[in-house]
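Mind the numbering: the sequence shown is residues 1 to 217 in full-length UniProt numbering, read in order.
The C-beta atom is built at its ideal place from N, Cα and C for all residues, glycine as well.
From a predicted model like this one, the values you see are computed outputs, not experimental measurements.
First comes the structure, then the notes that go with it.
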Amino acid sequence: MSEWWTYSLADFLMFSARTYFRQFELVNRALWPLPLLGLAAGAALAVSMLRAAGRSAFALLACAWLAVAWAYHAGPYADINTGAPYFAAGFCLQAVLLAWMAAKRGAGLPTSGKTRGVGLFIVAVALAAYPLLAPLDGRSWWQAEVFGLAPDPTVAASFAALLLWRAPWPLWVLPLLWSAASGATLAELGAPQAWLLPAVALVGIAAALSLPANTRS
Numbered sequence: 001m002s003e004w005w006t007y008s009l010a011d012f013l014m015f016s017a018r019t020y021f022r023q024f025e026l027v028n029r030a031l032w033p034l035p036l037l038g039l040a041a042g043a044a045l046a047v048s049m050l051r052a053a054g055r056s057a058f059a060l061l062a063c064a065w066l067a068v069a070w071a072y073h074a075g076p077y078a079d080i081n082t083g084a085p086y087f088a089a090g091f092c093l094q095a096v097l098l099a100w101m102a103a104k105r106g107a108g109l110p111t112s113g114k115t116r117g118v119g120l121f122i123v124a125v126a127l128a129a130y131p132l133l134a135p136l137d138g139r140s141w142w143q144a145e146v147f148g149l150a151p152d153p154t155v156a157a158s159f160a161a162l163l164l165w166r167a168p169w170p171l172w173v174l175p176l177l178w179s180a181a182s183g184a185t186l187a188e189l190g191a192p193q194a195w196l197l198p199a200v201a202l203v204g205i206a207a208a209l210s211l212p213a214n215t216r217s
């Protein structure tokens, strides 16, 4: 038997890029018209951020992480990836942490215009750019990745809220881990969007670290 360190990520991926993106189509078709509700929830999240409504934003994100755990990780993705149940558990845990943030009496948006601009740019990428990746890549609109049903746009939008409300660092751990896992998986599959979520994560972290020390949780 080969030693464990001789294995690469490719040895554990038992699916192709075509099969991977097909999972989003299965979710969108099976749950239609819920993808439209996901778009509406994303719009509500953006409005919550613009209005500094922290409780609403984190409540929406908690629901979105739970929905992804149920509809995607415990659904079609579990059919092609044996790690999906563990991802589902992680997304449920993050939903609990986000619900805790929603229950807190809330701080408003950072006073820094630059930091706020970064957060709003991130949420725009999550809600508007991600659904366009499928047609831009020559795939069907049914394979669009929608906030609240697909993991990557949901995680990306979460970085915006974590930054804008200076969330405690433990809330960053699972989004960062998923960003690394998703980026590595997509890179191994040769998907052109492999860099996007890791880049969003790096931008969010850099912006958070640039905040004055006394404003960080």
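**Request:** Look up residue 293 in the DSSP assignment and say whether it is helix, strand or coil.
**Result:** What the structure shows of the chain is the stretch from 1 to 217, and residue 293 is not part of that stretch, so it cannot be assessed.
**Request:** Could you give the DSSP three-state label for Pro-192: helix, strand or coil?
**Result:** Position 192 of the sequence shown, counted from the first residue, corresponds to residue 192. Helix, per DSSP.
**Prompt:** Where Leu-149 and Ala-30 are concerned, what is the direct C-alpha to C-alpha distance, given to the nearest angstrom?
**Reply:** In the sequence shown, residue 149 corresponds to position 149, counting from 1. In the sequence shown, residue 30 corresponds to position 30, counting from 1. Cα to Cα, the separation comes out at about 11 Å.
**Message:** Considering only the alpha carbon of each residue, which of Phe-15, Ser-16 and Leu-26 lies closest to Ser-140?
**Reply:** By 1-based counting over the sequence shown, the position of residue 140 is 140. Residue Leu-26 is the option with its Cα nearest to Ser-140.
**Asked** When the Cα atoms are used, what is the spatial distance from Gln-23 to Val-146?
**Response** Residue numbering aside, residue 23 sits at position 23 when the sequence shown is read from its first letter. Residue numbering aside, residue 146 sits at position 146 when the sequence shown is read from its first letter. Cα-Cα distance, rounded: 12 Å.
**Message:** Three Cβ pairs or more, each shorter than 8 Å: is that satisfied between the region 97 to 106 and the region 52 to 61?
**Reply:** yes
**Prompt:** Quick one, which of Ala-74, Ser-16, Ala-207 and Ala-191 has its alpha-carbon nearest residue 229's?
**Reply:** Past the boundaries of the shown model lies residue 229; the chain is included only from 1 to 217, so the question cannot be answered.
**Asked** How would you write the range of the alpha helix (DSSP H) that Ala-74 sits in, first residue to last?
**Response** Mapped onto the sequence shown, residue 74 falls at position 74. Unbroken run through Ala-74: none, as it is neither H nor E.
**Asked** Nearest-angstrom Cα distance between Phe-91 and Ser-179?
**Response** Taking the sequence shown and counting its residues from 1, one reaches residue 91 at position 91. Taking the sequence shown and counting its residues from 1, one reaches residue 179 at position 179. Cα to Cα, Phe-91 sits roughly 12 Å from Ser-179.
**Message:** Restricting to runs no shorter than 3 residues, where is the beta strand (DSSP E) found entirely within the region 147 to 190?
**Reply:** The region 147 to 190 contains no whole beta strand (DSSP E) run of 3 or more residues.
**Request:** Determine the contact status of Leu-45 and Leu-60, defining contact as a CB-CB distance below 8 Å.
**Result:** The sequence position of residue 45 within the sequence shown is 45, counting from 1. The sequence position of residue 60 within the sequence shown is 60, counting from 1. Going by C-beta atoms, Leu-45 is nearer than 8 Å to Leu-60.
**Asked** Whose CA, out of Ala-84, Arg-18, Pro-131 and Thr-82, lies closest to the CA of Leu-36?
**Response** Within the sequence shown, numbered from 1, the residue matching residue 36 stands at position 36. Nearest of Ala-84, Arg-18, Pro-131 and Thr-82 to Leu-36, Cα basis: Pro-131.
**Request:** May I ask you to report which of helix, strand or coil DSSP gives Lys-114?
**Result:** As a first step, residue 114 must be located in the sequence shown, where it is residue number 114. In this structure, Lys-114 counts as helix in the three-state DSSP scheme.
**Request:** Taking only the alpha-carbon atoms, compute the straight-line gap between Leu-50 and Ala-134 and give it to the nearest angstrom.
**Result:** Against the sequence shown, residue 50 aligns to sequence position 50. Against the sequence shown, residue 134 aligns to sequence position 134. Answer to the nearest angstrom: the Cα atoms are 28 Å apart.
**Prompt:** Is it right to say Ile-185 is buried, meaning 16 or more other beta carbons lie within 10 angstroms of its own, or is it exposed?
**Reply:** For the purposes of this step, residue 185 is taken as residue 185 along the sequence shown, with counting starting at 1. With the sequence shown as reference, residue 185 is identified as Thr, and Ile is not the correct amino acid for it. Buried: at least 16 other Cβ atoms inside 10 Å.
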